[in-house]
Structures are given as C-alpha cells and as structure tokens.
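When you read off a place in the sequence shown, starting at 1, and then add 185, the result is the number in my numbering.
Presented below is the structure to which this report refers.
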Amino acid sequence: MTQYNFRLGYFIKDNLALVLGIDHMKYVMKQNQTVDFSGHISDPKYAAMVQNGQIDLSNGEFLTFEHTDGLNYENLGLEKYKNLIHKKNIDLVWSYGAGLGVMFPKSNVKLFGNDRSDRFHVAGMGTDLRSSLNLVFWKNWMLRAEAKAGYINMWDIKTTLNNKPDKARQDFVFGQVLAGIGYTFNTKKYN
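Below is the structure:
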C-alpha cells in the first residue's frame, strides 16, 4: 500500500532538532475471520448474527473497518544527532529520538448496513521511538533511512455518519521502516 511521510526539522542546538512530522500509514482489519463479541444489539437482524458470543465478519454486512485513506499520525518529536563520518562532500549522521502526536485518520467504517463513515477527525493519540541514518552529500542533499516503533490509542473512531453517538475504540503497536530524500538549509556552523 502506498504511504507517504513528511518531516520538517529545526535544529535548536547543533545536535538536537525539533521535528514536525506526518506519517500517512494504513490499517485494514482482516475481514475473513470470526471474532468474540460482547454487548447488546437492539436490531434483531444483526443480533441474530451473534452465535455463542462470536460473529463471523466474512460477509461484510455486519462490519467493515479500515483506515486506508490515512491512518495519519501528526507528531512533534525531538531527535538527537551524532556525526559518524565527516568527509569533504559526505557526512553520515545517526539520529535517535521520540515523538508524540494526534491521530487524524480518515477511517472507512461500515457498521450494520449504514452508509460508510469516512470523515477526517481527531480520533486519539500516538507516541513513537525512532532512529535513522542520514547521508548528507554535496552539503545540502540528504538520503534518510529510518526505523520507527510506536503505540497508537484511538478512543473516538466514528462508525456512522450524521453525528450519531456511536464510536469504536482501538489501540495497537506499530512499526515502520522508511526511506526518504531531503534537503537541508543553512548548514553552516556558527561559533
């Protein structure tokens, strides 16, 4: 699945940056499965789909659930940088840090045959740990390889349209590896 990430960093010290990021990730629920169910359903059609505390989701009529138009993690982080190699036209820099942010997904949810709910909204929060290798060449161009692991907790996922009070909750851990191209501005060091 296609994904994009965006980073904008500002060095508050030579080796410490404040980084604003957007991670556009994807999440799709495995549809062909039988899951445990607890609770009460007032509609007899959907209540009859629950058998022995379980429901088969494979027909898609009861529930479809995904964040494929964007499980958007909009975050602010701190990253520390350590120069590993410094040559005339090449620098290899290692960074590590952490971030915290809001989850702003466009969830695609269809519950009990209602119209699909797919609007952007703040659904919860996320946090992450990250590490990257950055190859800076010709003073300003950068190649970046990054690994990130984190935790997402969304307590307000809209499941139907028209501002009905129903909602879903979800929390999970995630991991991602990414590569990117960047450009650095004003890379001169001042004494």
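No residue lacks a Cβ here, since even glycine has one placed at the ideal position from N, Cα and C.
Note that this is a predicted model, so its numbers are computed, not measured.
Helix, strand or coil at residue i [DSSP, three-state]
i	result
LYS267	strand
GLY360	strand
ASN338	strand
GLY286	strand
ARG315	strand
GLN216	coil
ALA308	coil
SER302	strand
PHE196	strand
LEU261	strand
LEU346	coil
Residue from the options whose Cα sits closest to the Cα of residue i
i	options	result
THR344	MET210, ASP303, ARG192	ASP303
LEU193	TYR266, LEU261, THR249, PHE222	LEU261
ASP221	MET234, ASN200, GLN361, ALA283	MET234
PRO229	THR219, PHE247, ASN217	PHE247
GLY309	HIS225, LEU285, TYR189	LEU285
ASP351	PHE297, ARG329, ALA330	PHE297
One or two residues paired with residue i in a DSSP bridge
i	result
TRP323	Answer is none; TRP323 lacks a bridge partner.
TYR231	Beta-bridge pairing links TYR231 to no other residue.
PHE191	ILE207
GLY255	For GLY255, which the question treats as bridged, DSSP gives no partner whatsoever.
LYS333	ARG315, GLN361
THR249	LYS295
LEU328	LEU320, ILE366
SER280	TYR266, SER317
Cβ pair count under 8 Å reaching 3, the region 207-216 against the region 249-269: yes
Validate contact between the region 318-334 and the region 274-293 using beta carbons, cut 8 Å, 3 pairs: yes
Any 3 or more C-beta pairs closer than 8 Å across the region 321-335 and the region 355-363: yes
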